[in-house]
Each structure stands twice: as structure tokens, then as C-alpha cells.
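Read the structure below first, then the notes.
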Amino acid sequence: MCGIIAAITKRNITNILINGMKKLEYRGYDSSGLAIIDNQNNIIRIRCVGKVNALIKKINSMKISGNIGVAHTRWATHGKVSTENTHPHISSNIIIVHNGIIENFSILRVFLKKQGYQFYSDTDTEVIAHLLHWEQNKKKYCLKEVIQNSIKKLYGNYSMVVMDKNNPSKLIAIRSGSPLVIGLGIEENFIASDQIALLHVTKRFIYLEEGDIAIIKNNKIDIFNKYNIKINRKEIISTIKYKSIKKGKYHYYMEKEIYEQPYSIQNTLKNRLKDNETIHFDELDLEKDNLLINTEHIHIVACGTSYNAAMVAKYWFESLANIPCDVEIASEFSSRKLVVRKNSLFITLSQSGETADTLSALRYSKNLNYLGNLTICNMEGSSLVKESDCYILTKAGLEIGVASTKSFTTQLTVLLMLIAKIITLKKINDNTSKAIIKTIQNLPQKIQEILKQTQDIKNIAQNLSNKNNILFLGRGDQYPIAIEGALKLKEISYIHAEAYASGELKHGPLALIDENMPVIMIAPKNSLLLKNQQNIKEISARGGIVYILSDQKFDYEDNINIIKLPHIEELIAPICYVVPLQLLAYYIALIKGKNIDQPRNLAKSVTVS
Ligand code: F6R
Numbered sequence: 002m003c004g005i006i007a008a009i010t011k012r013n014i015t016n017i018l019i020n021g022m023k024k025l026e027y028r029g030y031d032s033s034g035l036a037i038i039d040n041q042n043n044i045i046r047i048r049c050v051g052k053v054n055a056l057i058k059k060i061n062s063m064k065i066s067g068n069i070g071v072a073h074t075r076w077a078t079h080g081k082v083s084t085e086n087t088h089p090h091i092s093s094n095i096i097i098v099h100n101g102i103i104e105n106f107s108i109l110r111v112f113l114k115k116q117g118y119q120f121y122s123d124t125d126t127e128v129i130a131h132l133l134h135w136e137q138n139k140k141k142y143c144l145k146e147v148i149q150n151s152i153k154k155l156y157g158n159y160s161m162v163v164m165d166k167n168n169p170s171k172l173i174a175i176r177s178g179s180p181l182v183i184g185l186g187i188e189e190n191f192i193a194s195d196q197i198a199l200l201h202v203t204k205r206f207i208y209l210e211e212g213d214i215a216i217i218k219n220n221k222i223d224i225f226n227k228y229n230i231k232i233n234r235k236e237i238i239s240t241i242k243y244k245s246i247k248k249g250k251y252h253y254y255m256e257k258e259i260y261e262q263p264y265s266i267q268n269t270l271k272n273r274l275k276d277n278e279t280i281h282f283d284e285l286d287l288e289k290d291n292l293l294i295n296t297e298h299i300h301i302v303a304c305g306t307s308y309n310a311a312m313v314a315k316y317w318f319e320s321l322a323n324i325p326c327d328v329e330i331a332s333e334f335s336s337r338k339l340v341v342r343k344n345s346l347f348i349t350l351s352q353s354g355e356t357a358d359t360l361s362a363l364r365y366s367k368n369l370n371y372l373g374n375l376t377i378c379n380m381e382g383s384s385l386v387k388e389s390d391c392y393i394l395t396k397a398g399l400e401i402g403v404a405s406t407k408s409f410t411t412q413l414t415v416l417l418m419l420i421a422k423i424i425t426l427k428k429i430n431d432n433t434s435k436a437i438i439k440t441i442q443n444l445p446q447k448i449q450e451i452l453k454q455t456q457d458i459k460n461i462a463q464n465l466s467n468k469n470n471i472l473f474l475g476r477g478d479q480y481p482i483a484i485e486g487a488l489k490l491k492e493i494s495y496i497h498a499e500a501y502a503s504g505e506l507k508h509g510p511l512a513l514i515d516e517n518m519p520v521i522m523i524a525p526k527n528s529l530l531l532k533n534q535q536n537i538k539e540i541s542a543r544g545g546i547v548y549i550l551s552d553q554k555f556d557y558e559d560n561i562n563i564i565k566l567p568h569i570e571e572l573i574a575p576i577c578y579v580v581p582l583q584l585l586a587y588y589i590a591l592i593k594g595k596n597i598d599q600p601r602n603l604a605k606s607v608t609v610s
């Protein structure tokens with residue numbers, strides 16, 4: 002979603018802001034802008050539709066300099082993509098950048114127009130700028146009080162940074178639904194939506210909590226909580242290596258992240274398999290063991306790729322641990338009346354830990370009769386981690402490509418470990434848990450083997466890159482993998498792709514089959530293979546062209562192509578079979594010349610609901 006970066010220093014901040022905006026590009030955006038108060042106390046605002054590079058070009062021709070400023074990458078919500086709608090927005094002396102949505106902005110807009118304010122954009126942000134200005138001019142409040150009075154009138158989830166030309170010695174930041182992190186320097190301080198935007202200037206950070214207002218000067222930071230009490234928030238040292246933000250020898254972050262999967266999974270497993278007998282998560286204490294022991298039902302809520310991982314876990318929880326499991330899309334969960342099962346554990350699954358729909362679902366679940374809640378998340382310090390009863394980190398490392406890859410496989414690895422842990426705690430079946438622990442250790446090696454044989458996938462990508470539609474099929478715990486494969490392809494190549502459970506084919510989608518509708522079939526050697534073979538025959542009998550992912554031999558036929566995979570144990574097969582599908586989507590998008598890391602209209606962390 003939108004990215005915020007702001008700085009107050011004793012040196013020229015232009016490059017600090019620009020570098021930060023470049024780092025925020027991965028979040029997805031359609032325009033960007035910055036405003037600096039220069040040394041003659043002029044507001045210099047530069048805005049541009051398109052890439053940050055276009056903005057940089059504009060800035061380079063202008064030579065601007067100043068010690069305080071705000072910058073923003075915009076992902077349009079209110080108003081089309083245009084320079085007028087690009088942040089920062091200004092109301093006389095007030096300058097603002099904002100992330101999130103103000104739900105009651107149209108009522109406020111009407112009110113402010115009546116007060117004589119002129120609007121140059123369609124955004125909710127300009128409404129905030131004018132509201133602050135109006136409030137400031139009503140009485141001579143200080144800027145903090147102006148903001149506190151104004152935000153009482155705002156409904157929605159947002160974060161923002163405000164700067165005042167009449168008092169250019171401070172920035173004020175407000176967190177109310179969207180994350181903000183303060184970066185600490187020497188005689189300089191910063192604020193951004195994500196620490197990645199600031200790693201080129203500091204490793205020391207303070208995360209704001211919900212409702213916090215921070216007054217940021219170059220030598221002082223004061224934070225007030227939602228009750229207006231001055232408070233100390235913990236300083237953390239970032240563990241993210243600046244090197245991990247670089248693409249290295251890869252063309253795209255997504256390619257890097259696909260190839261990193263053996264190492265990410267190794268990291269996920271590290272220090273968690275005790276004597277090959279039990280699973281240990283440092284993050285869970287004994288009290289949480291009791292929560293798991295008492296769990297009789299699991300309810301997992303997530304979005305997108307994380308939802309697909311949860312769907313695989315449903316098969317696993319029921320077949321391996323005999324625990325009923327329901328999975329739901331987060332945006333649906335919070336908007337319906339539901340019946341909570343007895344002793345049900347509420348689990349959220351998320352890479353970013355900031356997905357607004359998943360966060361709302363967690364908050365909604367707290368008013369319902371769940372036994373407790375757990376989040377499985379990649380980002381320590383994220384809102385989901387902070388607001389959940391307990392958490393397990395996936396430890397995938399930083400994921401920058403918008404399309405999730407290593408987050409998915411590490412989520413599945415954690416879920417499988419969690420199942421083994423629950424089986425042991427509940428004394429369900431020791432052999433199953435030992436089998437999981439033994440097999441899961443083969444994952445890095447198996448994925449490495451798959452990553453070595455990419456030529457087949459590149460060839461198929463060539464065949465498929467000019468298609469308009471592709472069907473993905475899978476059965477059992479490979480059905481969600483088919484869905485994930487289709488999602489990856491849609492996201493980065495813009496080819497329409499749909500996934501079905503193979504058994505559903507004859508209930509409708511078979512009507513689509515002809516030589517123009519290629520089918521990707523996931524058919525590993527398992528108890529469902531015969532049924533899958535039957536489906537393959539049904540497709541090829543109708544002139545359909547099938548691409549089969551399998552570790553099994555198939556009879557040669559003209560319109561059947563095999564992507565032969567190494568033998569993979571059934572338990573971990575879903576985690577391995579997604580890898581060739583990630584590669585297929587990647588190579589197709591590469592052939593089509595798409596912007597793989599920043600697909601159109603998408604954002605990495607979806608912080609609006
Ligand atoms: C797809 C993708 C999205 C995310 C979804 C949830 O490649 O990345 O579908 O999976 O927006 O995000 P998180 O996992 O951060 O909650």
C-alpha cells in the first residue's frame with residue numbers, strides 16, 4: 002500500500018527521502034512525491050505519476066535542499082492516478098502524507114468547502130490537510146493539540162506524518178491502524194511505514210503502537226499514547242541485513258526468493274527439531290502448550306497466498322492430527338455472524354502481519370468465544386504478532402517481490418511442525434509426529450533438486466506464454482497448490498488462470514477444454530494418482546493439452562507433456578510441488594516482459610480493507 006518516509010536532520014535530506022522511496026517500491030504504488038521545507042522556509046513540493054525514477058529525474062533537474070521533509074509512494078484508493086492526487090498534500094502551511102482510508106472524508110469535504118477551502122485533489126488526504134489547517138486557525142493550539150482535536154473527527158484506519166511550515170523544527174507522526182516506525186540517528190531522526198526504507202541511515206528503531214502520536218525533532222523524540230500520556234517505547238536494533246535488500250546475481254527479487262527457499266526453510270527448521278523427537282518453538286511457553294492441548298478445533302483465517310497455505314493445513318490437521326479445521330478468507334470472516342466451535346483455536350496466517358483484513362478478523366475474533374488465538378507470521382514486531390495471544394515466526398527472511406514465494410513454503414513448514422507438536426502434546430500418535438519430524442528435514446534438499454532442473458519449466462513457459470487462459474488441477478492436499486499456482490500466474494503474467502479440484506472437472510470446467518486451454522495437472526505418485534490419470538485421459542480425449550507435474554512415468558501421447566520431478570515423500574509433497582509452479586509463473590512473466598516484482602495494481606502489504 003502507500004509508503005511514507007520523512008526525515009528531520011542537519012544535512013540535506015533529499016537523497017535520504019529518495020533512497021527510502023526506492024526501498025518502499027516493493028509495496029506497490031502508482032505515483033510518488035515529496036515536500037521539503039528549504040533553508041529559506043519555502044515549501045518545495047515535487048510529485049510525479051509512475052516510477053520513483055521519474056520523480057528522481059524531475060528532482061535532479063531542480064537541485065533542492067532542506068533539513069526537514071516528507072515523502073510518499075501512493076497506491077490509489079480515493080481518486081485516480083494523477084499528479085493532483087499524489088501526496089504530499091498541502092493546506093497553506095500544513096503539509097501531510099498519509100496511508101490508509103478516511104471513511105467519512107466526503108462529509109468533512111462538504112463541511113470544509115463551506116468554510117471556504119478549495120480542493121485540488123479527490124483524495125481523503127487533502128481533507129485531513131484542510132481540517133488540520135482549519136483546526137489550527139480556530140484557536141492558536143500547538144500542532145499536537147491541533148492533530149489530537151482533528152483526528153477525533155476522522156473515522157478509518159490510517160497513519161500520517163504532518164509538517165508545519167510555520168514551525169519547521171518537528172515532524173508529527175500518528176499511528177491509527179497502519180504501521181509506522183521511527184528511525185533513530187545522531188542529531189537526526191526519521192519515520193517510515195517500514196524499517197526497510199530507513200536501513201540506509203539507521204539500524205535503531207522504535208515501533209509506534211496503535212493510537213500513538215510522536216513528536217520528532219532532530220535531537221528529541223516524544224511519544225504520547227492514545228490516552229495522551231507521555232510514554233517510552235522500546236528501542237530495537239534491526240536484524241535485517243542491508244545486503245538482503247539487494248537482488249545480487251538475480252534479475253528480480255521474486256527469482257531470488259524462489260531460489261532462496263532451501264535456505265529459508267533451513268532457517269525455519271533451525272533449533273526447532275529437538276533430538277529428532279519433538280518440536281520446540283522458542284516463542285511458545287508452557288502455558289501455550291496447554292492452549293494447544295485443549296484445542297479441539299482449528300479455525301484459520303488469512304488472505305491470498307497465506308489463505309492457500311491454510312487450505313493445505315486443513316488437509317493436514319484432519320488427516321494427520323484428527324483435529325477438525327476450517328479455513329476462511331479474512332475479509333469474509335469479519336462481516337458475517339458465525340458459530341464458534343467448542344474449544345476452537347483461532348489462527349491467523351500472514352507474511353507481513355499488517356494485512357488489514359486479517360488484522361480486523363483477529364480483532365473481531367476476540368469478541369467471540371475462541372479458546373485463544375495464535376498468529377503464524379514472518380514479521381516480528383508486526384501488528385498481528387503484537388496483538389495475538391501467541392505467535393510463531395516463519396523466519397523466511399525479508400520478502401520483497403510482491404508475489405509471495407518463500408513465505409508460502411515456510412508457512413507450510415511451520416504448519417507441519419505445529420501439527421507434529423500438537424500430536425505430541427495431545428499424545429495422539431507418536432509415530433506420525435516422528436514421521437513428520439524425519440521427513441520435514443528432507444525439504445531443503447528436495448527443493449534444491451527441483452531448482453536444479455529448470456530447463457523443462459523454461460521450455461513449457463515458452464509454449465504457454467502466448468496463451469490467454471490456463472487451467473490448474475490438483476487433488477487432496479495438492480488442490481490448494483493448484484490454486485496457488487494459478488494465483489502466481491495471474492499476479493505476475495496477467496494470464497487468466499483458474500484452479501479446480503481435479504474431481505470437479507466433469508462438473509463444469511470440462512466444457513472449456515480444447516487446444517487453446519492448456520491444463521497444468523499436479524499428479525504425484527500417491528493414492529490419488531489413478532483418479533488423476535483418469536482425468537488426464539478425459540482431457541486428452543477432448544483435444545486438451547496437458548502438462549503434468551509428477552514423479553511418475555506416464556504413457557507417451559501427443560498432447561501430454563511431463564515435468565518429471567524427483568521422488569518426494571507424500572507428507573512434504575505440497576511444499577515441493579509449488580516450486581515448479583512458482584518458476585513457471587516467473588518464466589512466463591519474464592518472457593512476456595512484465596514487471597515481475599511490482600505487478601500492476603498490486604501492493605505487497607495490503608493495509609486497507
Ligand atoms: C500473493 C500475495 C498476496 C498475499 C496476501 C496476504 O502472492 O502475496 O495474496 O498473500 O495479500 O498477505 P499477508 O500474507 O502479508 O497477510
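Under this note's numbering, the residue at position 553 of the sequence shown is numbered 554, and the numbers go up by one with no gaps. Even for Gly, the Cβ is constructed at its ideal location relative to N, Cα and C.
Taking CB distances under 8 angstroms as the criterion, tell me whether L285 reaches chain D. No chain D is part of this structure, which consists of one protein chain only.
So, at 6 angstroms on beta carbons, what are the nonlocal neighbours of S151 in its own chain, with the 5 sequence-adjacent residues on each side left out? L132, L133, E136
Indicate whether A357 and F334 have their beta-carbon atoms separated by less than 8 angstroms. no
Entirely enclosed beta strand (DSSP E) segments - the segment 329–370, minimum 3 residues: 345–351
Looking at the structure shown, is N291 part of a helix, part of a strand, or coil, going by DSSP? helix
Nearest CA to the CA of T296: which residue from K257, I348, N268, H252? I348
In three-state terms, what does DSSP make of C3? Here C3 carries a coil assignment [DSSP, helix/strand/coil].
Please determine, among P263, E284, S33, the residue with the shortest C-alpha to C-alpha distance to R273. E284
Give, in chain order, every unbroken run of the alpha helix (DSSP H) that is at least 4 residues long and sits entirely within the segment 423–452. 431–441
Tell me which same chain residues have a C-beta within less than 7 angstroms of the C-beta of I238, skipping the five on either side of it? K204, R205, listed in sequence order.
Among V328, I91, V82, nearest to A72 - alpha-carbon criterion: I91
Residue ranges of each beta strand (DSSP E) run of no fewer than 3 residues wholly in the segment 473–509, ordered along the chain? Segments of the beta strand (DSSP E) lying fully in the segment 473–509: 497–502.
Between which two residues does the beta strand (DSSP E) harbouring C378 extend? 373–378 is the span of the beta strand (DSSP E), which, as asked, contains C378.
In angstroms with no decimal places, state the Cα-to-Cα distance between L472 and I523. 11 angstroms
F206 in three-state terms, based on DSSP: strand
Under 7 angstroms: does the beta carbon of L113 sit that close to some heavy atom of the ligand F6R? Because no heavy atom of the ligand F6R lies under 7 angstroms away, the Cβ of L113 does not count as near it: no.
With a threshold of 7 angstroms, establish whether the CB of T356 neighbours any heavy atom of the ligand F6R. yes
Return helix, strand or coil for N40, following the three-state DSSP convention. It is coil, neither helix nor strand.
Of the residues N20, R234, E26, the one placed nearest I60, counting alpha carbons only: N20
Helix, strand or coil at C577 [DSSP, three-state]: helix
Excluding the 5 residues flanking I564 on each side, which residues of the same chain have their C-beta closer than 8 angstroms to its C-beta? So the qualifying residues of the chain are D457, I458, I461, Y548, I549, L550, S551, P581.
If you measure between the beta carbons of K435 and E256, is that distance less than 8 angstroms? no
Excluding five sequence neighbours on each side, which residues of the same chain lie with their C-beta closer than 6 angstroms to the C-beta of S408? Shown here for S408: same chain residues with a beta carbon closer than 6 angstroms to its own, the five before and five after excluded, namely Q352, N379, A397, E400 in chain order.
Taking the beta carbon of G373 as the centre, do at least 16 other beta carbons fall within 10 Å, making it buried, or is it exposed? buried
Which stretch, first to last residue, makes up the alpha helix (DSSP H) that contains G70? Per DSSP, G70 belongs to no alpha helix (DSSP H); it is in the beta strand (DSSP E), 67–75.
Taking the C-alpha atoms as reference points, what is the distance between N190 and G509? When rounded, the distance between both Cα atoms is 59 angstroms.
So G34 and L56 are supposed to be a Cβ contact under 8 angstroms. How far apart are they, rounded? 7 angstroms
Could you round the C-beta distance between L350 and A310 to whole angstroms and report it? I think they count as a contact, below 8 angstroms. Rounded, the Cβ-Cβ distance is 6 angstroms, consistent with contact.
Is A322 near I429, with beta carbons less than 8 angstroms apart? Yes, the pair counts as a contact, with Cβ atoms nearer than the cut-off.
Just to confirm before moving on: does the CB-CB distance between Y159 and G101 stay below 8 angstroms? yes
Should the segment 485–494 be called in touch with the segment 531–547, which here means at least 3 C-beta pairs below 8 angstroms? no
Grab the span of the alpha helix (DSSP H) containing I152 for me, first residue to last. If you look at I152, you'll find it in the alpha helix (DSSP H) that goes 144–152.
Give the single residue among K422, K221, P169, G594 whose Cα lies nearest to the Cα of E188. Minimum Cα distance to E188 is reached at K221.
When the Cα atoms are used, what is the spatial distance from M518 to L465? About 10 angstroms.
Helix, strand or coil: how does DSSP classify F120 here? coil
Could you have a look at I222 and say whether DSSP puts it in helix, strand or coil? strand
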